[in-house]
Amino acid sequence: MNPAEANLVDLVQFFFMGIQRGCIYAMVAMGFNMIYNATGIINFAQGEFVVLGGLMMVSLTMALHLPIVLAFILTVLFVVVVGVLMERLTINPVKQPTVLRLIIITIAVSIITKGAAMMFWGKGSHYMNHFSSAEPLDFHGATILPQTLWIMGILLLVVAAYVFFFNFTMTGKCMRACSINRDAARLAGIDDRKMVMLSFALSAGIGAVAGIIITPVIQMDYTRGAMLGLKGFGAAVLGGLGNSTGAVAAGVLLGVLEALGAGYISSHYMDAIALVILLFVLFIRPSGIFGSSEAMRLKEF
Amino acid sequence: MKGKNSAGLIALILAVILLPYIITNDYYLGALIFAGLNSLACIGLCMLMGYAGQISIGHGAFVAIGAYGSGILTASFAWSPWLAMFCSLIMAVVVAIVLGIPALRLKGHYLAMATLGFASIVHVVSVAAVDLTGGPSGIVNIPRPKLFGYLLQTDTQYFYFVWAVVIIGIYCAFNLIDSRVGRGLRALHGSEDAAASLGIPVTWYKVQVFILSAVYASVSGSLYAYYVNYIDPGPFDISYSVLLVTMVAVGGLHNIWGALTGAIVLSLLPEFLSFVSDYLRFFGIEYQQDYDTLVYGLILLFIMLFLPEGIFPSLRGAVAGIIALFKKTPRMSGQNSGPIAGRRFSGHDK
Amino acid sequence: MTNNILELDHLRKNFGGVVAVSDLSLNIAKGAISSLIGPNGAGKTTIFNLVTGFAQPSGGHINFSDRRINGMKPHAIAGIGISRTFQNVQIFPNMSVLENIMVGRYLRSRAGMLYSCIFPPILRNEEKRIREDAEKQLHFLELEQYADTPAGSLPLGNQRMLEIARALALEPGLLLLDEPASGLNARETIAMGELIGKIKEMNVSVWLVEHDMDLVMDISDYVAVINFGGLIAQGTPAEIQRNPEVISAYLGG
Chain B
1 MNPAEANLVD LVQFFFMGIQ RGCIYAMVAM GFNMIYNATG IINFAQGEFV VLGGLMMVSL
61 TMALHLPIVL AFILTVLFVV VVGVLMERLT INPVKQPTVL RLIIITIAVS IITKGAAMMF
121 WGKGSHYMNH FSSAEPLDFH GATILPQTLW IMGILLLVVA AYVFFFNFTM TGKCMRACSI
181 NRDAARLAGI DDRKMVMLSF ALSAGIGAVA GIIITPVIQM DYTRGAMLGL KGFGAAVLGG
241 LGNSTGAVAA GVLLGVLEAL GAGYISSHYM DAIALVILLF VLFIRPSGIF GSSEAMRLKE
301 F
Chain F
302 MKGKNSAGLI ALILAVILLP YIITNDYYLG ALIFAGLNSL ACIGLCMLMG YAGQISIGHG
362 AFVAIGAYGS GILTASFAWS PWLAMFCSLI MAVVVAIVLG IPALRLKGHY LAMATLGFAS
422 IVHVVSVAAV DLTGGPSGIV NIPRPKLFGY LLQTDTQYFY FVWAVVIIGI YCAFNLIDSR
482 VGRGLRALHG SEDAAASLGI PVTWYKVQVF ILSAVYASVS GSLYAYYVNY IDPGPFDISY
542 SVLLVTMVAV GGLHNIWGAL TGAIVLSLLP EFLSFVSDYL RFFGIEYQQD YDTLVYGLIL
602 LFIMLFLPEG IFPSLRGAVA GIIALFKKTP RMSGQNSGPI AGRRFSGHDK
Chain S
652 MTNNILELDH LRKNFGGVVA VSDLSLNIAK GAISSLIGPN GAGKTTIFNL VTGFAQPSGG
712 HINFSDRRIN GMKPHAIAGI GISRTFQNVQ IFPNMSVLEN IMVGRYLRSR AGMLYSCIFP
772 PILRNEEKRI REDAEKQLHF LELEQYADTP AGSLPLGNQR MLEIARALAL EPGLLLLDEP
832 ASGLNARETI AMGELIGKIK EMNVSVWLVE HDMDLVMDIS DYVAVINFGG LIAQGTPAEI
892 QRNPEVISAY LGG
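Residue numbers (our numbering), protein chains in the order written: chain B, 1 to 301; chain F, 302 to 651; chain S, 652 to 904.
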């Protein structure tokens, strides 16, 4: 293999790694957007949904030996229940919400989730079987894990379900109406409280899916929530907060940039790369690369 | 400084002087030193969050800058601890300016995420920049500083030293709050537009209070490094930044005393829990230190849901109630002292 | 030298494609009470925002005492002597009434952050002076009994008074009042009219936006009428009341 070819193979390899992570960031970002659109809240516990999904799936498949599909469904249901409980017990009862108070409440929930996860699953990281073979596939010299294909496929399914839900179902349209103008939606007879609860349920569900599909490649432990949440938020901001198609593109882009940075600059600083991008976007263009600057002026940053 | 704040400060000074005579166990004295270090960072954070209304979930990073600056300059370059502390303070100021100018244009959730991201970056760097920070194994052999020719060797000495700095910090904070600058900060919390219309340079003021809070955090970090004599990235991950916010919020955002209360209570909580765990075991409950995180989270959630002003106002109310109870004479029936005292308290402090 | 404290010269402001202020030229006389009236959405508050730096003009100039001020930041504009109130009252609810006014003395005092941190308030002469000046304002507005009340718990009428007291504490050359009487009852409106008259006697030029026509015609020396961001008439209250264009704009012609 000549050096130019070797370089190309490296590039493709980094690219695959980036897409694998990027898909997860995309899903976390979609979770952020759902709650943000319904409530204007940034949920600091978003990353914990991913961790819970991953750890629950580990228990169900590795300890209880349930079939993957059944474990998948049960895990998502479990995390959805956690999301709904979070909304019912901590967001819904707050009568005089200030931004600071809501931020601290979601932080409190993330601390509790983290503490509970440590209690039940311990401090170690957990291994989980890949969905299919763990044997990498060869792609012109570069390798790709079958799990990465699973991740990409499931992201596509989630996006398809998302588009279908918000464009072709009544509930989805009601949720969109609520996010555009809550008062008007309420006047039209939509139960906005229920929509808020639903947004937490869906957001938790997406987080769970992300956790389930990534765990075979990264080995989940209870501390990962904060970083996953931050990078997912980075993707959400990069794509324009509230804009879910933007979030998917931005998530994948962020993952790829991170992998390229880790490959060509320094793998030690890999985690910092996505965060530096997040800060730059926040400072220079808080409406995101896909958001219009016109819309940006109307929003409060 | 208002009368009862001065009274509170004098009471605190007396308590600090007396405590080492009551608590002779070095372990508990050590816990109180850590409480003092956290208090210092929380007082700064309280001015930023409670008075100026700007959230930061990244102040652990400034503590880390203070700790690493002092650690590296003393252990690797043999500088005097005082000079090292001053230089790391300057570094914290520079970082606060560079971060603060763009970040403080953001509001609410965005500012929170930006500061959290910043703290995360600093943590990643502290682990990865092995040549500078020693990486995961950290820096050892950090010396204690000398004060008036005395090396602050014993825990009692260091206890007095740290709490003297805390008291100076509180003193400065109270002076600032009742000044032209402090009123400007509180004003921009109330309404940025109105503050600007009265000539207050809103952005610059936010950056100034951000710098000030970074200075408090950085000094806290330096003193931490000198006390434990070694540092590694472990204590400075983002959960430490979150913990600082938790302390301020649990104690009471809108009052320096609240931040102090929160810092002390939550710093001593692990000791309290391990103390209680002996009794819990008696009832067949096996409490482990690992559950502390969960307890912190539950306390924070409880406070935010039911006492959003923090525990300090309730504590103060209770104290005022007890005082009223003692003052109560049959004729006055306590009506004069109780409620009015309470009202006077709540009217001024915000 | 002119007798105008403020001159708007071909002022324009677009929001995206919407024209909020179009080619407006208008002078505000020194030492007088001038009013700006017009139907809802005519661009009145936008004009105030342009003058006080909260919005930047898309074109044209603003001169204050023969000095060009467009492009300056709000706090800098306050610094050269223009203060204002807001349509939806913007007091500092978390501070006492007296402290609210003390904030108004910001520009007339100097202490910086380091100095303020080190010296306690009782040792600072400036702090004493700020307090005395603020108390004078309180006295002028007859709000003394509320000095230590949290400003957020005042009734709306007193909040508007407080906002004006705070703006006056700046010792401005020009005071902009954005709908000072909105939300006030008849008695409070009369008191507001008297207060504005007193402010004029203090040699402060006043420019106000107001919907209460009785108040406007009663206290104003000059009135300007705008619609769709453009000037349709100006003159004394008597002239305006006779102007056919104004009548048709107001009666929906």
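Glycine included, each C-beta is placed from N, C-alpha and C at the ideal position.
Reference residue i, options the options, closest by Cα
{"i": "Y517/F", "options": "V394/F, V399/F, L486/F and S381/F", "result": "V394/F"}
{"i": "I206/B", "options": "S267/B, I19/B and M34/B", "result": "M34/B"}
{"i": "V277/F", "options": "A336/F, A316/F and F460/F", "result": "The requested residue 277/F does not occur in the structure, where chain F is confined to residues 302 to 651."}
{"i": "Y527/F", "options": "C473/F, Y597/F, F449/F and I443/F", "result": "I443/F"}
{"i": "S133/B", "options": "P146/B, H140/B, G124/B and G47/B", "result": "P146/B"}
{"i": "L513/F", "options": "A430/F, A353/F, P502/F and T325/F", "result": "A353/F"}
{"i": "V94/B", "options": "H555/F, L608/F and Y472/F", "result": "L608/F"}
{"i": "T887/S", "options": "G880/S, F879/S and A875/S", "result": "A875/S"}
{"i": "V549/F", "options": "P536/F, L601/F, P534/F and D494/F", "result": "L601/F"}
{"i": "A671/S", "options": "G682/S, P690/S, R782/S and E658/S", "result": "P690/S"}
{"i": "G880/S", "options": "P708/S, K681/S and T703/S", "result": "P708/S"}
{"i": "G834/S", "options": "Q796/S, I847/S, L758/S and M812/S", "result": "M812/S"}
{"i": "N809/S", "options": "G710/S, K787/S and V748/S", "result": "V748/S"}
{"i": "V510/F", "options": "W380/F, A625/F, L315/F and L405/F", "result": "L405/F"}
{"i": "A29/B", "options": "A4/B, F14/B and A45/B", "result": "A45/B"}
Between the CA atoms of residue j and residue i - distance to the nearest angstrom
{"i": "L882/S", "j": "G242/B", "result": "41 angstroms"}
{"i": "A368/F", "j": "L330/F", "result": "21 angstroms"}
{"i": "T245/B", "j": "G239/B", "result": "8 angstroms"}
{"i": "R617/F", "j": "A842/S", "result": "41 angstroms"}
{"i": "F72/B", "j": "I151/B", "result": "13 angstroms"}
{"i": "I742/S", "j": "R663/S", "result": "30 angstroms"}
{"i": "E793/S", "j": "G351/F", "result": "31 angstroms"}
{"i": "S899/S", "j": "L807/S", "result": "33 angstroms"}
{"i": "G53/B", "j": "N700/S", "result": "51 angstroms"}
{"i": "L866/S", "j": "R88/B", "result": "51 angstroms"}
{"i": "G483/F", "j": "Y506/F", "result": "10 angstroms"}
{"i": "N655/S", "j": "A889/S", "result": "21 angstroms"}
{"i": "M605/F", "j": "A342/F", "result": "21 angstroms"}
Residue i classed as buried or exposed, judged by whether at least 16 other C-beta atoms fall within 10 angstroms
{"i": "A6/B", "result": "exposed"}
{"i": "W858/S", "result": "buried"}
{"i": "V897/S", "result": "buried"}
{"i": "M922/S", "result": "Nothing can be reported for residue 922/S: it is not among the residues displayed for chain S, which extend from 652 to 904."}
{"i": "I213/B", "result": "buried"}
{"i": "L298/B", "result": "At L298/B the pLDDT is 47, less than 50, meaning the model places this residue with poor confidence; the figure from the coordinates comes in the next sentence. Exposed is the call here."}
{"i": "Q20/B", "result": "buried"}
{"i": "L202/B", "result": "buried"}
{"i": "Y461/F", "result": "buried"}
{"i": "G755/S", "result": "buried"}
{"i": "Y127/B", "result": "exposed"}
{"i": "G225/B", "result": "buried"}
{"i": "S523/F", "result": "buried"}
{"i": "H555/F", "result": "buried"}
Cβ-heavy atom distance, residue i to the ligand ADP, below 7 angstroms
{"i": "I373/F", "result": "You won't find the ligand ADP in this model; it holds no ligand whatsoever."}
3-residue-minimum beta strand (DSSP E) runs that sit fully inside the stretch 823 to 888 of chain S, ordered along the chain:
825 to 829, 856 to 860, 873 to 878 and 881 to 886
Check whether the stretch 757 to 770 of chain S and the stretch 463 to 483 of chain F are in contact - that is, three or more C-beta pairs closer than 8 angstroms.
yes
Do the stretch 534 to 548 of chain F and the stretch 371 to 385 of chain F meet, that is, are 3 or more Cβ pairs less than 8 angstroms apart?
Contact between the stretch 534 to 548 of chain F and the stretch 371 to 385 of chain F is not established, with fewer than three Cβ pairs separated by less than 8 angstroms.
Fully enclosed by the stretch 115 to 182 of chain B, which alpha helix (DSSP H) runs are 4 residues long or longer?
146 to 168 and 170 to 180
Whole alpha helix (DSSP H) elements within the stretch 388 to 448 of chain F, 4-residue minimum:
Segments of the alpha helix (DSSP H) lying fully in the stretch 388 to 448 of chain F: 409 to 429 and 431 to 434.
Beta strand (DSSP E) segments (min. 3 residues) lying fully within the stretch 327 to 392 of chain F:
If we require 3 residues or more, the stretch 327 to 392 of chain F turns out to have no beta strand (DSSP E) run fully inside it.
Hey, is the stretch 859 to 876 of chain S in contact with the stretch 826 to 834 of chain S, meaning 3+ C-beta pairs nearer than 8 angstroms?
yes
Start-end ranges of the beta strand (DSSP E) lying completely within the stretch 221 to 292 of chain B, minimum 3 residues
none
Which whole runs of the alpha helix (DSSP H) in the stretch 45 to 129 of chain B are 4 residues long or more, in chain order?
Listed in chain order, the complete alpha helix (DSSP H) runs (minimum 4 residues) inside the stretch 45 to 129 of chain B are 46 to 58, 68 to 86 and 99 to 121.
Could you tell me which uninterrupted beta strand (DSSP E) segments, each at least 3 residues in length, are contained entirely in the stretch 703 to 753 of chain S, listed from first to last along the chain?
Taken in chain order, the unbroken stretches of beta strand (DSSP E) that lie wholly in the stretch 703 to 753 of chain S and span 3 residues or more are 710 to 715 and 733 to 735.
Any 3 or more C-beta pairs closer than 8 angstroms across the stretch 8 to 23 of chain B and the stretch 257 to 264 of chain B:
yes
Quick one: complete alpha helix (DSSP H) runs, 4+ long, within the stretch 674 to 703 of chain S?
695 to 702
Do three or more CB pairs link the stretch 446 to 462 of chain F to the stretch 714 to 724 of chain S at distances below 8 angstroms?
no
Fully enclosed by the stretch 493 to 539 of chain F, which alpha helix (DSSP H) runs are 4 residues long or longer?
493 to 498 and 503 to 529
Between the stretch 271 to 291 of chain B and the stretch 53 to 70 of chain B, are three or more C-beta pairs nearer than 8 angstroms?
Per the Cβ contact rule, the stretch 271 to 291 of chain B is not in contact with the stretch 53 to 70 of chain B (fewer than 3 Cβ pairs under 8 angstroms).
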